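Heads up: the sequence shown begins at 5 in my numbering, then just goes up one per residue. Just so you know, even glycine gets a beta-carbon here, dropped at the ideal spot from N, CA and C. The model shown is predicted, which means the values in this text are computed figures rather than measured ones. Data first, discussion second: the structure below is written as structure tokens.
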Amino acid sequence: MSPLRGVRENCCAELPKFPWLPAARVRPLLVVDFADTALYKELRERCGITLDGGREEIRADTAAATDLKSLDCAVGAPIFRISRIGFHQGSALELRCSRIRGDRLVVTATFGEGVPDS
Numbered sequence: 005m006s007p008l009r010g011v012r013e014n015c016c017a018e019l020p021k022f023p024w025l026p027a028a029r030v031r032p033l034l035v036v037d038f039a040d041t042a043l044y045k046e047l048r049e050r051c052g053i054t055l056d057g058g059r060e061e062i063r064a065d066t067a068a069a070t071d072l073k074s075l076d077c078a079v080g081a082p083i084f085r086i087s088r089i090g091f092h093q094g095s096a097l098e099l100r101c102s103r104i105r106g107d108r109l110v111v112t113a114t115f116g117e118g119v120p121d122s
């Protein structure tokens, strides 16, 4: 079975665990088994597309009943909702909406020139 769950006519393709992408631009991904590969690698190799920019918003929230199964958490547990728009040559290409449990998110930021590479 194809990993592609649905194609909206002239609109989007939804790959499991991946974002919505314009179907007309990503048709070669229909035959990809994503069990052992990565979306951006296949997007580059099969479609000639490399995202070159994006905008992401991370918003604190609490889990709703619809989040319980996918996040394995209780209603009201802290979560983060992440919305991303990825761009290729100035045009929006990727729309991703994700949820992450609040007890599993780690943010690390490095700034300044005095920090050695790790």
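How close, in whole Å, do the beta carbons of residue i and residue j come, if the pair is a contact with beta carbons under 8 Å?
i: Arg-63; j: Arg-85; result: 5 Å
i: Ala-67; j: Cys-51; result: With a Cβ gap of about 35 Å, Ala-67 and Cys-51 do not count as contacting.
Under 8 Å, do residue i and residue j count as touching if we go by C-beta distance?
i: Ala-96; j: Ile-89; result: yes
i: Glu-98; j: Pro-23; result: yes
i: Gly-116; j: Pro-82; result: no
i: Glu-60; j: Ser-87; result: yes
Excluding the 5 residues preceding and the 5 following residue i in the sequence, name in chain order all residues of the same chain whose CB lies nearer than 6 Å to its CB.
i: Gly-57; result: Phe-91
i: Arg-48; result: Thr-54
Short of 8 Å in beta carbon distance, which residues of its chain neighbour residue i, apart from the five on each side in sequence? Order them along the chain.
i: Leu-72; result: Ala-78, Val-79
Could you check whether the Cβ of residue i sits closer than 7 Å to any heavy atom belonging to the ligand ADP?
i: Gly-57; result: Among the components modelled here there is no ligand, and therefore nothing to report on the ligand ADP.
Report all residues from its chain with a CB closer than 7 Å to the CB of residue i; omit the five preceding and five following residues, and keep chain order.
i: Leu-75; result: Ala-67, Ile-83, Arg-103, Arg-105
### Query
In chain order, which alpha helix (DSSP H) runs of at least 4 residues are fully inside the region 6-91?
Runs of the alpha helix (DSSP H) inside the region 6-91: 27-30, 43-51, 72-75.
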